[in-house]
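**Q** One structure, as structure tokens, below. Some questions next.
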Amino acid sequence: MRFTALTALLLACTLPARAGDVTLAQPPAAAQAAVLHAIAELPPQSPQRRRYRLAVAYGAPLFPADADLMPQLGEAVNAGIAAWLRLPAARRAHDILIAPDADYFWQQDGVEYAAQFIVHLEPRGTGSALSVAQAHPTARYGRKFHLLGRTGPGYYEDIRPIAPSSQAGADLQAFLAAALKPSTP
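Quick note, the sequence shown lines up with residues 576 to 760 if you use our numbering.
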């Protein structure tokens, strides 16, 4: 069986279908607006407020460049982000970056965890499919003494790259699915 160049391109630019995708009733543009609103309206006392502090639509000046989302030195290959980076800009048009407070870590899989999330919205029928990829997942392991630290000898936060947590992505998907669920009269 021969694949045409167009078929190969389409296969290369498709996010892998995952059982964890959430189907939404809203089309991608409306779902994007609803996600941005849900994050903006989190109450200050909510524990999710620091975890999902900043939501930025794709194309906005604060949305990071592709090079900034690629794994940095010391990070393992991240299949979710790699697949998202292969998508053409037109398919990312309704996507959102959700980032925690810079100094916020939460308990996840037995470690203090932090990550940025890319929420990808893809048309599906009259609605959309929502999937989540994680960029730059890190874990904090306490403080560690460094003789030659960046500001001299002292104790520094021991923060290291870690594999993306499937539970962290599932938690965000569940939160967004509940926030975007149509209210029943």
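All residues carry an ideal CB built from backbone N, CA and C; glycine is no exception.
Consult DSSP for residue 718 and reduce its assignment to one of helix, strand or coil.
**A** The answer is strand: DSSP assigns residue 718 an E or B state.
**Q** Taking the alpha carbon of residue 768 as the reference point, which residue from 596, 708, 607 and 737 has its own alpha carbon closest?
**A** With the chain covering only 576 through 760, there is no way to say anything about residue 768.
**Q** Go ahead and pull the three-state DSSP assignment for residue 749.
**A** Helix at residue 749.
**Q** Evaluate contact between the region 716 to 725 and the region 600 to 619, counting only Cβ atoms and requiring at least three cross-stretch pairs below 8 Å.
**A** The region 716 to 725 is not in contact with the region 600 to 619.
**Q** Determine contact between the region 652 to 659 and the region 626 to 639, defined as no fewer than three beta-carbon pairs at a distance below 8 Å.
**A** Verdict: no, contact absent.
**Q** Can you give the Cα-Cα distance for residue 670 and residue 694, rounded to whole angstroms?
**A** One C-alpha to the other measures close to 6 Å.
**Q** Do you know offhand how far residue 733's Cα is from residue 743's?
**A** In a straight line, the C-alpha of residue 733 is about 21 Å away from that of residue 743.
**Q** Are the beta-carbon atoms belonging to residue 626 and residue 681 less than 7 Å from one another?
**A** In contact: residue 626 and residue 681 (Cβ atoms closer than 7 Å).
**Q** Report the rounded CA-to-CA distance for residue 598 versus residue 661, giving the unit in angstroms.
**A** Looking at the two C-alpha atoms, the distance is approximately 22 Å.
**Q** I'd like to check one pair, residue 709 with residue 675: are the Cβ atoms closer than 7 Å?
**A** Going by C-beta atoms, residue 675 is not nearer than 7 Å to residue 709.
**Q** Based on the DSSP output, what are the partners of residue 681 in its beta bridges?
**A** BP columns for residue 681 point to 688.
**Q** Would you call the CB atoms of residue 697 and residue 715 closer than 7 Å?
**A** Not a contact, by the Cβ cut-off of 7 Å.
**Q** Considering only their Cβ atoms, is the gap separating residue 711 from residue 691 smaller than 7 Å?
**A** Taking 7 Å as the Cβ cut-off, residue 691 and residue 711 qualify as a contacting pair.
**Q** For residue 652, is the classification buried or exposed, using 16 other Cβ atoms within 10 angstroms of its Cβ as the cut-off for buried?
**A** Exposed: under 16 other Cβ atoms inside 10 Å.
**Q** Counting along the chain, where does the alpha helix (DSSP H) carrying residue 610 start and finish?
**A** That run of the alpha helix (DSSP H) goes 603 to 615.
**Q** Report all residues from its chain with a CB closer than 8 Å to the CB of residue 754; omit the five preceding and five following residues, and keep chain order.
**A** 609, 610 and 613.
**Q** What distance in whole Å lies between the Cβ atoms of residue 647 and residue 707, which are believed to be in contact at a cut-off of 8 Å?
**A** Actually they do not touch by this definition, with Cβ atoms about 20 Å apart.
**Q** Taking just the CA atoms, how far does residue 685 sit from residue 731?
**A** Whole-angstrom Cα-Cα distance: 21 Å.
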